[in-house]
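Under numbering that gives the first Met the number 0, the residue at position 359 of the sequence shown is numbered 358, and the numbers go up by one with no gaps.
Note that beta-carbon positions come from the ideal geometry of N, C-alpha and C, so glycine has one too.
In this text, all values refer to a predicted model and were calculated from it rather than measured experimentally.
Only one structure is covered here, and it is reproduced in the block below.
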Amino acid sequence: MRARRHNAIVARARGRRPVKQLLRKGSILVLLGPGGVGKTTIAAALGLAAARASLETVVITLDPARRLRDALGLERLSARPARLDPRRLRAAGLDPALQLSAMVLDSKRVWDGLVARLVKTPAARQRMLDNSFYQSLTEQFAGAEAYAALEQLYDLHNGNGFAVEIVDTPPAAHAFEFIQAPAHLIRLLDSRAARWLFIPYAAAGKSVLGIANRAARFVVGQLEQFAGIRTLSAISEFFGAAAEAADSISDRFRKVDALLHSPAVTFVLVTTAEEDRLREARALVDQMETEGLRLGAIVLNRLLDEATFDALVAAPGRAPAHLAAISRMRATLAPLRGRDTADTSDALVSFLEGYGAHQRAAIERATRFARDLPARIELAAAPEIAAGVRDLATLAKVATIVIEAGAGRTFLERAAAALGVTPSPATAAAAHKTKKSSGKHRATR
Ligand SMILES: Nc1ncnc2c1ncn2[C@@H]1O[C@H](COP(=O)(O)OP(=O)(O)O)[C@@H](O)[C@H]1O
Ligand SMILES: [Mg+2]
């Protein structure tokens, strides 16, 4: 049963360019994933891929690595997207006419812009912007950055300028935190406790505060978790200043939340292929399904080194020559046994075998993950680029790998077969073994 289902998946995948199908006029891609897996890099790569498919594209990035920022020609933070310089594109061997724009999200500016637009009374607006609670809320609370990214998207989306919009997201402990950011803010604003807080602290009589106290403590507690400050008066003043705009702010949060849940949005999860990351990814797949959110694709980033990856893409049915050579090495060196150099060569062979086992284990985990993944979710992999993804030409290479069918389910199946890897269903023992061997290899590197 399992084998038949799996063959059907492979057959369906053949001849398709799965991830490329997500890049259509009107698409909005929202990248999700834990910190450091390559979300920002893959967001930029998908942007480049969309532009190469003749779609005018914008990528909203968050805190890109310096090299990537330089490669994209981005200022540290920006209010508007900037078009990629044709000279840079040409220098990287790309079509200078590509219509790709990118920006680095300026979360603070987005929030201040929102306040400026929604709080109409100049005095209240100024009180809000000067408020210490507002400042720490918008600067420190991770959810505030997540929301700002969506707010920026909403703005660009309604400006109608782009065919494809791609949004990078801040690192979150769980990818789902990001999706919940607007709803969280709406709940906070709409809660009865928050309504009480809209009564300015100083103006409220003692009795009012008394009644509000219990409810207020709850909200303040929630807010303190985000902002880490304890100044009730600042919080109260903040809500006081926001009072006149409460409905329009709430309305705006709702619109942004609606965009996030609209059919135009496809989520793309970026992950690496460690056992626990894959387990988290699988849990997220189910959670998104429950919430009715469309997870369009998963990108397994940093899977295999480039040499192994490229060899498998070029000749999918064959074990890469360097891995095959490692497998033969111990037998080849057997005649040296007993000589002076035996210890050194034995250590070297062990090291290389560890490397080979590490690559195989990665394929094994990825293939097992792929087989267990609902067929409607596209899958792509990208290799670990030894020199890092720090220029446009490398970004273009990653883009090509991710959107072509060459690195999806079929690729993994053929790679597993070529390397003689038999992915077994996850068992506690298997998971333990893989973890141990990959840990061992990392220690020897
Ligand atoms: N496939 C890859 N190969 C090599 N380095 C990568 C790859 N993907 C990302 N990186 C590097 O890893 C670091 C983190 O990537 P980034 O995209 O900023 O991750 P995230 O946005 O998930 O925190 C950066 O230095 C980036 O260049
Ligand atoms: Mg990032």
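- With distances taken between CA atoms, residue 407 lies nearest to 372 out of 372, 423, 393, 418.
- At least one heavy atom of ligand 1 is found less than 8 angstroms from the C-beta of residue 388.
- Restricted to the segment 325–394, the alpha helix (DSSP H) segments that are unbroken, complete and at least 4 residues in length are 341–370, listed in chain order.
- Residue pairing from DSSP places residue 304 in a beta bridge opposite 383.
- The Cβ neighbour count for residue 106, taken over all protein chains shown within 10 Å, is at least 16; the residue is labelled buried.
- Within the segment 86–153, the complete beta strand (DSSP E) segments of 3 residues or longer fall at 99–103, listed in chain order.
- Here the C-alpha atom of residue 127 lies approximately 6 angstroms from the C-alpha atom of residue 240.
- For the pair residue 398 and residue 51, the CB atoms are nearer than the 9 angstroms cut-off.
- Non-local C-beta neighbours of residue 73 in its own chain, meaning closer than 8 angstroms and more than five positions away in sequence, comprise 60, 63, 81, 101, 102, 103, ordered along the chain.
- A contact is defined here as three or more CB-CB pairs under 8 angstroms, and the segment 300–317 fails this definition with respect to the segment 285–292.
- The DSSP-derived three-state label of residue 292 is coil.
- Residue 31: member of the beta strand (DSSP E) spanning 27–31, first to last residue.
- Rounded to the nearest whole angstrom, the C-alpha separation of residue 402 and residue 18 is 5 angstroms.
- Taking residue 306 as the centre and dropping the five residues before and after it, the same chain places the C-beta of 319, 321 closer than 8 angstroms to its C-beta, in chain order.
- In the three-state DSSP reduction, residue 263 falls in the coil class, being neither helix nor strand.
- Relative to the Cα of residue 184, the nearest Cα in the group 140, 167, 156 belongs to 140.
- If you look at residue 55, you'll find it isn't in any alpha helix (DSSP H); DSSP assigns it neither H nor E.
- In this structure, residue 165 sits near residue 42, with a CB-CB distance shorter than 9 angstroms.
- Between residue 261 and residue 117 a beta carbon distance of about 22 angstroms is seen, past the 8 angstroms cut, so the two are scored as non-contacting.
- Checking the 8 angstroms criterion, the Cβ of residue 273 is out of range of every heavy atom belonging to ligand 1.
- Taking a cut-off of 8 angstroms for Cβ pairs, the segment 345–364 and the segment 379–388 do not touch, as fewer than three such pairs fall below it.
- About 12 angstroms separates the beta carbons of residue 177 and residue 143, which is beyond the 8 angstroms limit, so they are not a contact pair.
- Residue 137 places its beta carbon 9 angstroms or farther from that of residue 29.
- As the crow flies, the alpha-carbon of residue 351 is around 9 angstroms from that of residue 326.
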